[in-house]
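Asker: As given, the protein sequences belong to chains A and B, one line each in that order. Numbering follows this note's numbering, with no gaps: position 38 of the first sequence is 37. Numbering follows this note's numbering, with no gaps: position 260 of the second sequence is 343. Just so you know, even glycine gets a beta-carbon here, dropped at the ideal spot from N, CA and C. Okay, here's the structure, questions in a sec.
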Amino acid sequence: MPALQEPQPLLAVEDLHVTVGDHEVLRGIDLVIAEGETHVLLGPNGGGKTTLLNTIVGLPGYRVTQGSITFKGVDLDGLEIDERARLGIGVAFQRPPAVRGIKLRQLIEVAAGDGEHEELLADLIGELSLRKMIDRDVNMGFSGGEMKRSEMAQLIAQSPELTLFDEPESGVDLDNIAVVGRAMNRLLKSERVGKGTRAGLIVTHTGHILEYVNADIGHVLYDGKLACKGNPRDLIGEIGKHGYDKCVECAICQR
Amino acid sequence: MSAIEQRKAEIRRLAETAVDKPATFGPDLDLAAFNAAADQQSVESLASLNKQIKETALEIGFDASEAGRSGSYFQMDRSPIYRKVEEMFDNKLEIMSTEEALVLYPELMYEKYYWRNVAPDKDKYTAQVALNHTEGYFIRVKAGQKIDKPIQACLFVSENNISQNVHSVIILEEGAEANVLTGCTIHPQVREGLHAGISEFYVGKGAKLTFTMIHNWSEDFHVRPRTGVTVEEDGVYVNNYIMLKPVRSLQTFPVARLVGDRSRAVFNSIVYGLDDSYVDIGSETSLEGAGTRSEAIARTVSRDKAVVYSRGRLIGRNNDCKAHLDCRGIVFSEESTQWAIPDLASEGAPGAELSHEAAISPIAAEEIYYLMSRGVPKDDAISMITRGFLDLDIPGLPPALRRQVDKALEETAKESL
Ligand SMILES: Nc1ncnc2c1ncn2[C@@H]1O[C@H](COP(=O)(O)OP(=O)(O)OP(=O)(O)O)[C@@H](O)[C@H]1O
Ligand SMILES: [Mg+2]
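This is the structure:
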């Protein structure tokens, strides 16, 4: 019997190399997210944060040239996007596409799966103020804040075990950050019995969202690698003072 | 010779000049290849129609139970075999065959309504209808009457290789409102043939006509509708057209003239081109009155070897008019061709505002991935998006028909994989 009960790793990324086009964006990422943990991913623009998330999601165009991604013990290599989603991976996109002819309501319903969703819909419409959007084509002409709320609603319906949030607070005003933050908490804390403990990975530049969501560990994605690991708020503070360049050498780095 | 006799002779003479005149658009047909339609027996009630006919009619929205309808008209080949106005609409609405209306109201018909919106010498198809014994429905809604339940009509072809010639007239008097559903279809055993249909609609002052046509043909069938509409002051004309099944060739280009000030026209078209179908659809709106408005929206999907033309013509003829065209297509097969042809003209109307959006493009991959990321399998995602693309918000569809269109779209989208 192990002396310390190690939390079960939900997501394990090992030595991941990813090429986009002919540019190697990720060059050896190692990341373990255990059940119940929320991680934060920081890093400069163009550093590869979205690339990492999209690779985990399984979007085409992100070529894994080396390394592996394992989720709940399953190697994701070769699994389609929808198979990964049904396995328990959800994503709030940085810039989700508009889909002509598909209403937000429909997308929430398909994300929720089989069965009746009256109650869930009513709940989400109230909680995320979706009344103005629910019967419109999804993301078509949605404002920045509306788009994020729409993403949250779809994810709550989907109820994934690991949720990847790509800049959930960008383009969102202060009132809406609170709403989005509440939704994120709901996603990160399991409400359903028997659903296990949820986990998350949040990409943020400002850290504003951390006012609403508790995060355990922060990482800095720099030069294709996770260069720093530490308390997310401390990292943001350090980056604010010294910039990303100094990050690799910074004092609080635990890596 | 009386005025009526003169007019009859004139229609005949005009038609005769056009018997060999090909249509502006679409493949030319040899009309001699089709037989004349035979007479069919009238029925006392729609219940007595055989089950297969009833089911075929239901697919194009004609409900033989007549539930939720204000009136019905059923034509088989060239014979009007059934017509009825529900009692509660008795003095508000007239439904009869066009031949009957010509007998009952000769002056009115020949002076104002018969061959006034469509010219007998337009092409060989109008000539064909003008020169041969034809029926069709006559629907008139009395002034101020709002018929809140749809009027349904079915034009049914039961014999192989005939030419079904139809001439229909709809009149909405001042302030009247009606919703007419016309379904055109053929018996499952019919393979080839021609449907040549003249439709003349007159929308009076402040009246509103919603006209929905659903077509359901087969691989070897040819279709040539000819439609002309005039809309008076403050009148509204809404034209919905749905075709989701294969056809050998179909060419239609309804023309709406907004003659009255503040009159409006809306065209919604949904076309699914399959197999070897040749489909050429479009519409023209002539904006003549002050403050006239129009919108034409077309969604076309094609696969297999289908060829689809989607045309839209807007002609501004008044300084104060505004119209928009929106046609979008998706081509699903490398052997299929689509044309989107927007066509705008301002004729001596510097103030006319006419615009269009035309696009032919595949479903964006990122939209498919987006749905997949919520757990939807790829095939289902494509079918959902295709269905959504074709699923225009069509006004005036009764719930039962809405469900049928949904079902047809569902099936269609599934087949598209
Ligand atoms: N489809 C693509 N084709 C070519 N290059 C791409 C593509 N997608 C991403 N890249 C490149 O990969 C690099 C990483 O981009 P990524 O979007 O992952 O960065 P990011 O860390 O999310 O940045 P931001 O903070 O600005 O969102 C960038 O240089 C970007 O231009
Ligand atoms: Mg990004």
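Excluding the five sequence neighbours on either side, which residues of its own chain have a C-beta within less than 6 Å of the C-beta of Ser-246(B), listed in chain order?
Answerer: Phe-117 and Leu-277
Asker: Residues of the region 139 to 157 of chain A with a CB closer than 7 Å to any CB of chain B: list them in chain order, please.
Answerer: Those residues of the region 139 to 157 of chain A that come within reach of chain B (Cβ to Cβ, closer than 7 Å) are Gln-153 and Gln-157.
Asker: Can you tell me which of Lys-240(A), Phe-92(A) and Leu-225(A) puts its alpha carbon nearest to the alpha carbon of Met-455(B)?
Answerer: Phe-92(A)
Asker: Taking contact to mean 3 or more Cβ pairs, one atom from each stretch, closer than 8 Å, check whether the region 50 to 58 of chain A and the region 94 to 110 of chain A are in contact.
Answerer: no
Asker: Tell me whether Lys-48(A) counts as near ligand 2, meaning its Cβ is closer than 6 Å to at least one heavy atom of that ligand.
Answerer: yes
Asker: Check Asn-53(A) in the structure and name its three-state DSSP category.
Answerer: helix
Asker: What's the gap between the Cα of Asp-233(A) and the Cα of Leu-30(A)?
Answerer: Rounded to the nearest angstrom, the two C-alpha atoms are 19 Å apart.
Asker: Pick helix, strand or coil for Pro-329(B), following the three-state DSSP scheme.
Answerer: coil
Asker: Tell me, which residues are paired with Pro-163(B) by DSSP?
Answerer: In the DSSP output, where bridge partners are listed per residue, Pro-163(B) has Gln-158(B).
Asker: With a cut-off of 8 Å on the beta carbons, I'd call Pro-233(B) and Val-263(B) a contact; round off their distance for me.
Answerer: 7 Å
Asker: Work out the CA separation of Lys-225(B) and Gly-258(B) for me, nearest whole Å.
Answerer: Spanning the two alpha carbons is a distance of roughly 9 Å.
Asker: Consult DSSP for Cys-131(A) and reduce its assignment to one of helix, strand or coil.
Answerer: The sequence given here places Lys at residue 131(A); Cys does not occur at that position. DSSP places Lys-131(A) in the coil class of the three-state scheme, outside both helix and strand.
Asker: Assuming Phe-239(B) contacts Ile-136(B) under a Cβ cut-off of 8 Å, what Cβ separation, rounded to an integer in Å, is found between them?
Answerer: With 8 Å as the limit, Phe-239(B) and Ile-136(B) qualify as a contact, their Cβ atoms being about 7 Å apart.
Asker: Work out the CA separation of Asp-122(A) and Leu-209(A) for me, nearest whole Å.
Answerer: 24 Å
Asker: Taking the C-alpha atoms as reference points, what is the distance between Met-151(A) and Ala-279(B)?
Answerer: 54 Å
Asker: Can you tell me where the beta strand (DSSP E) with Glu-302(B) in it begins and where it stops?
Answerer: For Glu-302(B), there is no enclosing beta strand (DSSP E), as DSSP marks it with neither H nor E.
Asker: Since Pro-460(B) meets chain A, which of its residues come closer than 7 Å, beta carbon to beta carbon?
Answerer: Asp-81
Asker: Report buried or exposed for Asp-113(B), applying the criterion of at least 16 other Cβ atoms within 10 angstroms of its Cβ.
Answerer: exposed
Asker: My understanding is that Asn-323(B) touches Ile-477(B), with C-beta atoms under 8 Å, so please give their C-beta distance in whole angstroms.
Answerer: 5 Å
Asker: Pick from Ala-147(B), Glu-194(B), Ala-119(B) and Leu-97(B): whose alpha carbon is nearest that of Lys-205(B)?
Answerer: Leu-97(B)
Asker: Using the C-alpha atoms, what's the distance from Val-17(A) back to Glu-237(A)?
Answerer: 28 Å
Asker: For ligand 2, is there a heavy atom less than 6 Å away from the beta-carbon of Gln-93(A)?
Answerer: yes
Asker: Is the region 373 to 392 of chain B in contact with the region 414 to 428 of chain B, if contact means three or more CB pairs nearer than 8 Å?
Answerer: yes
Asker: Is Pro-425(B) closer than 7 Å to Leu-408(B) when the C-beta atoms are compared?
Answerer: yes
Asker: Just to confirm the assignment, what range does the beta strand (DSSP E) spanning Thr-162(A) have?
Answerer: 161 to 165
Asker: Since Ile-101(A) meets chain B, which of its residues come closer than 7 Å, beta carbon to beta carbon?
Answerer: Per Cβ cutoff of 7 Å: Met-467, Ile-468 and Gly-471.
Asker: How should Met-171(B) be labelled, buried or exposed, when 16 other C-beta atoms within 10 angstroms of its C-beta is the threshold for buried?
Answerer: exposed
Asker: Among Gly-311(B), Ser-153(B), Thr-139(B) and Asp-231(B), whose alpha-carbon lies nearest the alpha-carbon of Gly-266(B)?
Answerer: Thr-139(B)
Asker: Report the residues of the region 445 to 458 of chain B with a CB closer than 8 Å to any CB of chain A, ordered along the chain.
Answerer: Ala-447, Ala-448, Glu-449, Glu-450, Tyr-452, Tyr-453, Leu-454, Met-455, Ser-456, Arg-457 and Gly-458
Asker: Would Asp-344(B) pass as an interface residue toward chain A - the criterion being a Cβ-Cβ separation below 7 Å?
Answerer: no
Asker: What residue range does the alpha helix (DSSP H) around His-241(A) cover?
Answerer: 231 to 241
Asker: Return the bridge partner residues of Asn-118(B) from the DSSP annotation.
Answerer: Ile-245(B)
Asker: Taking only the alpha-carbon atoms, compute the straight-line gap between Gln-65(A) and Asp-14(A) and give it to the nearest angstrom.
Answerer: 7 Å
Asker: Between which two residues does the alpha helix (DSSP H) containing Asp-174(A) stretch?
Answerer: In the DSSP assignment, Asp-174(A) falls within the unbroken alpha helix (DSSP H) covering 173 to 187.
Asker: What does Asp-409(B) touch in chain A if you count any residue whose Cβ is under 8 Å from its own?
Answerer: Simply none; closest approach about 11 Å.
Asker: Whole beta strand (DSSP E) runs in the region 163 to 216 of chain B with 3 or more residues, listed along the chain?
Answerer: Secondary structure within the region 163 to 216 of chain B: the beta strand (DSSP E) runs of 3 or more consecutive residues, fully enclosed, are 176 to 180 (chain order).
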